[in-house]
C-alpha cells in the first residue's frame, strides 16, 4: 500500500520532468493543493473518479482572491498533477490501480501579446518562483 504522500514523493524523486524539468515548480504547487484537499496518509488505491469529482466541486467553490474563483484551467492542472503522480507510480509498478477523471472544459483564451516592459517585469518575477514553490511543498 502506498499513501498519497508517498506517491507524490516517489514521482518527484523519479520522474525526470519533476526532478529537473520546466514543470517542476508548477507540479509542486499543484501537488500542495492536492495534499491540502485530500488526506496525505490515505491509501492511494482509495482514490476513485468520485475523488476527482469531489475535488473539482471543492476547487470550483474556492476563491483565489477576494472576488475571483479558480478557473477550469487551474482546476484541470491541479487534477492533472494528481493523475500524473498516480499514473507514473502505476506505470513504474509501484501501485496496482489507477483512477481516471474527466477534464473540465476550458474557455479559449485570446492571444496575449506582452510589451517589452511587461516581459522584463515577468522575467524579474520569475527569478523567485522556484524558491517560493520549494517552500510550499516542504
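In the numbering used here, the protein residues as written are 4 to 141.
No residue lacks a Cβ here, since even glycine has one placed at the ideal position from N, Cα and C.
Model, not experiment: these values are computed from the prediction.
In this structure, the beta-carbon distance from residue 63 to residue 53 does not fall below 8 Å. The continuous beta strand (DSSP E) containing residue 67 extends over residues 66-68. Distance from the CA of residue 56 to the CA of residue 105, rounded to the nearest whole angstrom, comes to 8 Å.
For residue 59, the number of other beta carbons within 10 angstroms of its own is at least 16, and it is reported as buried.
Shown here, residue 25 sits in coil according to DSSP, grouped into three states, outside any helix or strand. Ranked by how close their Cα comes to the Cα of residue 129, the residues 38, 37 and 25 have 25 in first place.
A distance of 8 Å or more separates the beta carbons of residue 98 and residue 36. With contacts defined as CB atoms closer than 8 Å, residue 41 and residue 7 qualify as a contacting pair. Here the alpha carbon of residue 112 sits roughly 16 Å from the alpha carbon of residue 78. Apart from sequence neighbours up to five positions away, the residues of its chain that approach residue 45 with a beta-carbon distance below 8 Å are 6 and 7, ordered along the chain.
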